[in-house]
Structure formats: structure tokens, C-alpha cells
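Protein chains: 2
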Amino acid sequence: MRSIRTSLMAVMAVAATSLPALADYLVREVGSFHVGGRTATVSGMPTRDVVFSPGAPPIKVDPNGEFAVEQMYVQYVKLAQPKAKVPILLWHGGGLSGVTWETKPDGKPGWQQFFLNSGYDVYVSDAVERGRASWARYPEIFKSEPMFRTKKEAWELFRIGPSYEVGGQRVAFEGQQFPIETFDQFAMQGVPRWVTNDAATQKAYDALVEKVCPCIVVVHSQGGSFGFNAALAAPDKIKALVAIEPSGAPDPAAVDAGKVKAVPHLIVWGDFRDKVAVWQRLPIAPTKYRDAIVAAGGKADVFDLPGMGIKGNTHMLMMDRNSDEVARLIHDWIVKQRLVN
Amino acid sequence: MRSIRTSLMAVMAVAATSLPALADYLVREVGSFHVGGRTATVSGMPTRDVVFSPGAPPIKVDPNGEFAVEQMYVQYVKLAQPKAKVPILLWHGGGLSGVTWETKPDGKPGWQQFFLNSGYDVYVSDAVERGRASWARYPEIFKSEPMFRTKKEAWELFRIGPSYEVGGQRVAFEGQQFPIETFDQFAMQGVPRWVTNDAATQKAYDALVEKVCPCIVVVHSQGGSFGFNAALAAPDKIKALVAIEPSGAPDPAAVDAGKVKAVPHLIVWGDFRDKVAVWQRLPIAPTKYRDAIVAAGGKADVFDLPGMGIKGNTHMLMMDRNSDEVARLIHDWIVKQRLVN
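Listed below in C-alpha cells is the structure:
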């Protein structure tokens, strides 16, 4: 009996030291591109006098001309010998960029690194208007003003804790998994967003799928709708769709969910949804859409993490302390879809 | 005689097939972080009604609160077995982001890939206000309006050709090396800039040097001043500074160039400078600063590419067709500074 226990412990020790996030891997190429977008022309605006350096004479600047707008940015790491049959694409949520998937605010490896170490070619993108995708003059090109998320909104909306007082105390949920001591580091990842670019964003994502898929797509939050719609538009190209806390979904009355019945879907939910009012409302549309896929004969699984005994996950679960544990559940689900050699 | 010729040809064939940009390499980690910055507080602004989805009722948005501002974004690829003794940091120019150094607009490997393949740990950053570094509300936090570069300005200022007519003809310089058929792809890399963030940007770069150096720094264009000043602030941390077409430099009357006499400097200039008026003015300050370093007993080399027989390079020489040839000259110069094992 003792020897069996010892063997089990030895096996567990090996498993612990061979976590994929800790191994080197052979890379074929690190690269990037922009995809989608169009040329916009601005005309009839007055020239402006701009002082480029303090004390220097002003220089006339003509704001009129042609601009590249509404493209998105995509960065990839291709392995020399990928194990996954198709690459994995990581699509971020609202007010954020592809940095979501990179090194976590606490300095530990994020999901980009996890999936590279697990043998996937990984594509991380910045949607239209975010990060390296760039943004355009408003209201002449983008049709509204940008929105800037406060630290308070991030803290409360992302279910790190019930209240954040400016200049004062930050109250966290008991047992939550976000590394709150590095919350200010996380806040640096925020980027402005617009509410009028959804169509352009969807178009760019569809162009990305056309360019690099077949693929697996992992979406987060606002990315949910873009991912669900991308799969409806190209069900032959998206071999699996994993939606992490999607904040929206197509209305089954307006689309044919049967189109994606051959695309396995997985929706993942974290903890504390009952403690933040908006999180009782946000899952309704994705759940309705999920039910429609199943009713149409498709596959749409749900991982309710607290229901599976995995407690304390916030909306930013790819940055939580147990992010590798959640990533491994997703990887195992992908393996079951026969997408990994 | 024949056998010697054959051996030489064999050696040359090996050299040609072992171009660093074509080989796989073992990676320890792909990661990123934000560095520098501060928390800014906005108060006293009215709430706004925002319609987040067409047709939905407006939601009240409170713009007041705390924001992370003036940080910069840094992404690194660390090799399992780097040959360079210290990492290389690639700092972009004005109106651009770290994408400058990644895959070229023509889809071929850029300098990030070149230096990885040559055995360096490579750090590519987005300066304050650019790309994944994010930007802040103006005029409340950033003190001026953003500037958007037109395609015409990029074409002419970057010395791709003498004239760009909106909706019409693009005239290129004869013999220039930029892949002009992919100019529209390049234009997607442009990001807005401000003229009032230089001090915050310098502060963030200095924080980056403090965090990750000793290192080699390669700067481009507007990055020139930030690199020269970073070396003056931390001459023990920057082991070599390569300035690609720097658009500015410290005034030797205002700084002590002797501080960097142990830091080897290299300035690289492309072609067609006599054909664009501003390019007869821009090199004056860097040249004066370079002369001051030499007068103080330091090392500051100059590669005047056309003078060395390398013709046709634009301001974006890391994207030109012969970018590997120029990168190799720089790599060889770094090797001479004894920074590569």
C-alpha cells in the first residue's frame, strides 16, 4: 500500500514539473500582418499650426488626404513541429487588446505561452481600433467618441471585487483568483473603444478567418459575438470555437444556428456571476444561442467552472492564478474534438 | 586551382543556404509587459448617455475616475541559447509602433526575425501613446490633439518617392528599395501621435532600460532622441546604440557627450537625402552630437549606405528589399563591439 502511494506521488511530481508552460520549443517564425480595412479620404479640413517641439516655430499641418482605416493587427508564432492540426486564434474582449493572452499581470505565462507549449501555432490579434490595429479620426471617419474604462469599472465589471473607491479601498471577493496585488499592472492593458465599429470589426475578423484558417478560435467577452458570427459565416473554416464568458451572441431568431452544427462550441463561465447585476443578464443571449445550436443537432458544451469545483475565477480568467488549470481543461476538450495529433 | 575554386564555391553555397532568416530557433519564452506610467484621475466631467448597440436604450457612462496612463508596452522573445551577450531592444519612430520591426509589408521577415535568427533575445516595444501602450483622454490628460499621418506624407517624408497624389499617381524614386507594391499594407501600420508626450515617453524608455538592460538599443527616426538620451542617463546599461536615420539628437551644448564615451554609437543613413528638403536639415543635429561624442574621446561610427555602395534605401530601410543586407552590416558592427559570443 505504501509503495503504491509512493508511486502515485512520483507520477504526480513528474506531472507537476512537466507543465507545458516551462519547456522550450522550436520556433519556425514569429511574424505579423494587418488584415481587412479600407482607405478613407478626408477633405475640406483647415490646415493647423502645430508646435512640434516646445519653443519651436509652428509648422502647418494639412489633415486632408488618404488614410488606412479599419484594419486589424495579427501576430503569430509558428512552431517548427506543431502538434495541433490547425492553429489557434485568440480574440480579446472590449476595451482590451491581444495583450490579454500574453504574459499575465503577475509576470507568469499566459495562454499564448500555454498553447505554444502545448504544441499549437498561436495567433494573437488586436481588433479594429485597438492597440496595433490603430484607430482613425472621429467624427470624420469613426462615427462616435472613444470610451475610456476607469480602473473602478474594470475592478467591478470583471468581478474582481464588489467595490473600488477612487483613491481609497479596493474590496475583492473572498476566494477570488485574480492576482489583485498586480491589478495596476493589468490596468495598463486597457485601450479606448468605440461603440460604432462593430460592423468593421466583424468584417476584419471574417477576413482574418479567410486568410489563415482552418483554425480553432478562442474568444473572450465582447469577442464572443464576433466569434459566433465568424463561425456562422465560415463554418467550414472554424474547426472549434471556445467562448470565454461571451458578453453577447447572435439571436437564434435572426440566424440559422444549424449552419454551425458541425462546429463544436464550448462556452466557459467563471465564478461570482450572482454577485454582479450585469452578469445575471449577460449570459442570457449566449445561453439561448447555445441551446439553438444543440436543438439544431450541433454540439455546444458548457463549462460552468464553479459547478465543476473550480472556484474563484473572475471575468479575466486567463489572468487568474489558476489560468493554466482552465487552459488545460480547454486543451483537453480540443483534443477530444480530434484537432491535436 | 580548380579544387580551391570548388571549395570556395562550396563555402559560399553553405553561406547562402544558412541565411539566419531561414532557420528554426529554440525559444524559452514569448512574453510582454507594460512599464513606466502613472495613475491619472479625471473628475468633474458630466456623465454621458451612450448607445452601445444600435436600437438599444442608452446607458449612462461616468467618465470620471482613475486611469493608467503614459505606460509603454514591451514584447520579448527570449531564446533558449542566445549567442548575443545582452538582448537587443528595437525602438520605433514617430507615428509608428513596434510593428516596424516585425514581418515586412511584403510578407518577408523583418529585423525582429533577423536578430532572433542571429542569436539575440529581441525586445520590441510600443512607446507611450502608440499601439498596445494605449493612449489617454485629451485635453484632460494628454495635452494636445492627436496627429494622423496621411499616406501622401508617409510616401514623401519616408523618401519612397517625390510625389503622391490623392486618388492618383504615386511616383517613386528610381532605383529605390521599398517594395512599393505593398505600400498600402505598410500604411496600415501607422498610428496617431501627439507632440506633447516627449517627456513621458523618455521617462518610460528610461524605466525600460532600468528594467531589462544591460542591452543593445536600436532606434529609428523619432526614436533617435529617446535612445541618445537614454544612453546619457544610463551609459553603464546601454552597451551599444545603433541609430537608424535619427531625426533628432541632444544639443552638445546642453549635455555632456563625454558621459557616453564608453558607449559605442553607430548612425546609419539611407539614400535620396538630397532629394527631399527636410532630409537636408534632419541629419544636422545627430551629426553635431556624433562629432561631440568623438571629440570627447568616444566612438561614434557612421554608415552612409549609398557612400558604401548600397543604393536605394528609403527612411524605412528595415522594410526595404535589402533589409537583411543592412541588418547584417549592423550585426557585424555589434560583433566588433564584442557583444556576441
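If you're matching them up, the sequences are chains A and B in order. Residue 50 is where the first sequence starts when you use my numbering, and the numbers rise one by one after that. Residue 50 is where the second sequence starts when you use my numbering, and the numbers rise one by one after that. Just so it is clear, CB atoms sit at the ideal spot from N, CA and C, and this is done for glycine as well.
- Where D381/A falls: helix, strand or coil (DSSP): helix
Any idea what DSSP makes of Q251/B, helix, strand or coil? helix
- Message: Going by C-alpha to C-alpha distance, which of L388/B, M365/B, Q251/B and I316/B sits closest to L281/B?
- Response: Q251/B
Practice problem: Give the range of the alpha helix (DSSP H) segment to which Y187/A is assigned. | Solution: Taken as a continuous stretch (DSSP letters only), Y187/A belongs to no alpha helix (DSSP H), as it is neither H nor E.
Item to complete: Go through its chain and collect everything with a Cβ distance to F197/A's Cβ below 7 Å, but skip five positions before and after it.
Response: P241
### Message
If I measure Cβ to Cβ from F222/A and keep anything under 6 Å in the same chain, skipping five residues before and after, which residues do I get?
### Response
G210 and F321
For the 8 Å Cβ check, are there 3 or more pairs between the segment 114 to 129 of chain B and the segment 169 to 184 of chain B? yes
Open item on the list: In the DSSP output, which residue or residues are listed as bridge partners for S372/A?
Closed with: None; S372/A has no bridge partner.
**OP:** At 8 Å on the CB atoms, spell out the chain A contacts of F275/B, in chain order.
**Re:** Per Cβ cutoff of 8 Å: no residues; F275/B is ~13 Å from chain A at best.
* From the DSSP output, read off the bridge partner residues of Q120/B. => Bridge partners of Q120/B: G85/B.
Practice item. Could you pull out every residue in the same chain whose Cβ sits closer than 7 Å to the Cβ of I383/A, ignoring the five residues on either side in sequence? Key: I265, A289 and V389
Cβ closer than 8 Å: which chain A residues qualify as neighbours of R86/B? The residue asked about is misnamed: residue 86/B is Gly in this sequence, not Arg. What G86/B touches in chain A, judged by beta-carbon distance under 8 Å, is M237, going in chain order.
Assuming the contact rule is C-beta atoms closer than 8 Å, G156/A and V173/A should be a hit. Round their C-beta distance to whole Å, please.
G156/A to V173/A, Cβ: 18 Å. No contact.
### Query
Mind pulling the chain B residues with CB within less than 7 Å of S146/A?
R181
Under a CB-based cut-off of 7 Å, is K200/B close to chain A?
-> yes
Report task. Can you tell me which of W243/A, A105/A, S193/A and N166/A puts its alpha carbon nearest to the alpha carbon of L145/A? Result -> W243/A
Mind the definition here: the segment 246 to 262 of chain B touches the segment 83 to 90 of chain B only if three or more C-beta pairs lie below 8 Å; say whether that holds. Because the criterion of three Cβ pairs below 8 Å is met, the segment 246 to 262 of chain B and the segment 83 to 90 of chain B touch.
Practice prompt. Return the chain-ordered list of same chain residues with a C-beta closer than 7 Å to the C-beta of P107/B, the five sequence neighbours on each side being excluded.
Written response: D98, V99 and V100
Would a check of beta-carbon distances place L75/B closer than 7 Å to chain A? yes
>> Please report whether the beta-carbon of F191/B lies at a distance below 7 Å from any beta-carbon of chain A.
In response: No, F191/B lies away from the interface with chain A (no Cβ there is under 7 Å from its Cβ).
Exercise. Hey, quick one: how far does the beta strand (DSSP E) through R97/A stretch, first residue to last?
Worked result: First-last of the beta strand (DSSP E) with R97/A: R97 to V99.
What separation, rounded to the nearest whole angstrom, lies between the Cα atoms of D170/B and W140/B?
14 Å
Using a Cβ-Cβ distance under 7 Å, would P69/A count as near chain B?
Note on P69/A: pLDDT 44, under 50, position unreliable in the model; no value is reported.
**Closest by C-alpha distance to V304/B, when choosing among D381/B, D350/B, D323/B and N278/B** = N278/B
query = So which residues of chain B does S174/A contact, with C-beta pairs closer than 8 Å?
reply = By Cβ distance, chain B contributes nothing, its closest Cβ being about 12 Å from S174/A, past 8 Å.
**OP:** Kindly say whether R242/B, judged by its beta-carbon, lies nearer than 7 Å to any beta-carbon of chain A.
**Re:** So no, R242/B is outside the interface.
Check: Would DSSP call K288/B helix, strand or coil?
Finding: strand
Checklist entry - At least one CB of chain A closer than 7 Å to the CB of G142/B: is that the case? => result no
Per DSSP, which residues does I342/B bridge with? Please list them. Per DSSP, none; premise fails for I342/B.
Please tell me whether L315/A and V291/A are closer than 7 Å, where the distance is taken between their beta carbons. It is a contact, given that the beta carbons lie within the stated cut-off.
Of the choices G319/A, R387/A, T90/A and A283/A, whose alpha-carbon is the least far from that of R370/A?
-> G319/A
task = Identify the contact partners of L139/A in chain B, using a Cβ-Cβ distance below 9 Å as the criterion.
result = Under the 9 Å cutoff, chain B gives no residues; its nearest Cβ is about 13 Å from L139/A.
Using alpha carbons as the reference points, say which of Y74/A, V312/A and G307/A lies closest to A276/A. Going by the sequence as given, residue 276/A is Gly instead of Ala. Of Y74/A, V312/A and G307/A, the residue nearest in Cα terms is V312/A.
Original post:
In chain A, which residues lie less than 8 Å from D233/B when you measure between Cβ atoms?
Top reply: T88 and A117
Bridge partners - Y172/B, DSSP secondary structure assignment:
Y125/B and L138/B
Can you give me the C-alpha to C-alpha distance between S102/B and G297/A, rounded to a whole angstrom? 11 Å
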